[in-house]
Amino acid sequence: MSDKFLLHELSWKDIKNLEQGTTVFILPVGSTEQHGPQNPLGTDFLIAEKIARNVAESTINVYCLPTLPIGVASHHRDFPGTLWTSPQILLQLVKDVLHSMLHHGFKKIIVCNGHGGNTSAIMQAISECNDKDEMICLLFEWWKDEELIKSVFGVPSAVHADTVETSVIWAAEESLVQTDKFDQLTSSEEWGRKIGDLYFPSRTKQFTESGIAGPIDGISREKGLKVLEKAVIKLSNVAIELTKYV
Ligand SMILES: [Zn+2]
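Under our numbering, the first residue of the sequence shown is numbered 9, with each subsequent residue one higher.
Dropping the structure here:
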């Protein structure tokens, strides 16, 4: 068996030789959507892919599936380059990928999602596969670790293309972030209009001209690296537990 860890680089014989009960696959899912003038459109899937691949590379019995790079993002449609699919299609696609792996004898899959708009479709796919097919699928989202993000950035979460997310994509894909734009960035305070905790439906362009929402000062590649490293450790620990899970 080779030391390769990406499914698309392995042969069917390599996959056939894997121990089905203890092997875990990670499926990176993201979005191709505007992330302000400074970040690449692929920010969400690039971060998810980076974390997933680093975990697979460094963790025994863990492999990485090909990334799904298009998500539920029609609210960004006013910004050129944004691509989207419907929640129903994403739900079905994730389910089809999970079922493909089940067909090959693998029940343990972690979906590593990089885009908030995908969460409910993925959760539904995972619940159906766990309930009806007795798979053991989990969802991992790096920005949900409030304690970690607060300890590094002083705020509880990433909003959109803001200080946290820009720092993390800068750490993940250094050459793709346009740092010369950093001193002209503008942003909206919040993610659109809300009353209490409830957000009103809106298109991103209605509340942010630049596409950035949330704080946009103190962007730091070093802090981004810290969050990435911790996310890799956390996901790796989950994956190790899952390899042993019976
Ligand atoms: Zn994002």
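For every residue, glycine included, the Cβ atom is placed at its ideal position computed from N, Cα and C.
Per-residue burial, E57 [other beta carbons within 10 Å of its own, 16 or more giving buried]: buried
Cβ separation of I117 and L35, assumed to be a contact under 8 Å, to the nearest whole Å: 6 Å
Touch test, the region 163-181 against the region 16-32, Cβ-Cβ under 8 Å, three pairs minimum: no
Proximity of N211 and H107 at Cβ, strictly below 7 Å: According to the sequence shown, residue 211 is Arg rather than Asn. No, Cβ-Cβ distance for R211 and H107 is not below 7 Å.
Reference E41, options E237, I224 and K213, closest by Cα: K213
Option nearest V246 by Cα separation, candidates I59, L14, G50 and L49: I59
Residue range of the unbroken beta strand (DSSP E) whose run includes L73: Note, L73: premise wrong, no beta strand (DSSP E); not H, not E.
Coarse secondary structure for P209, derived from DSSP in three states: coil
Endpoints, alpha helix (DSSP H) assigned at E173: T171 to A180
Same chain only: Cβ atoms within 7 Å of D248, ignoring 5 sequence neighbours per side: Before going further, note that residue 248 is Ile rather than Asp in the sequence given. Within the same chain, I248 has close Cβ partners T67.
Member of K158, K103 and L156 whose CA lies at the smallest distance from the CA of D141: K103
E181: CB within 6 Å of a non-hydrogen atom of ligand 1: no
Cβ pair G124, I55 closer than 7 Å: no
Buried or exposed (CB count within 10 angstroms, at least 16 for buried), Q46: buried
Three-state class that DSSP yields for I126 in the structure shown: It is Asn, not Ile, that sits at residue 126 in the sequence shown. Looking at N126 - three-state DSSP - the assignment turns out to be helix.
Cβ-Cβ separation, L250 to L146 (assumed contact under 8 Å), whole Å: 7 Å
beta-carbon T90 near ligand 1 non-hydrogen atom, thresh 6 Å: no
DSSP beta-bridge partners of F190: Partner(s): none; F190 has no beta bridge.
Chain-order list of residues whose beta-carbon lies under 7 Å from that of G89 (same chain, five-residue window excluded): Q42 and L49
Those residues which DSSP pairs with N121 across a bridge: V37 and E149
heavy atom of ligand 1 below 6 Å from E237 C-beta: no
From E27, T194 and G219, residue whose alpha carbon lies closest to that of K115: E27
Distance CB(T194)-CB(I227) smaller than 7 Å: no
Terminal residues of the alpha helix (DSSP H) in which S66 lies: T51 to S66
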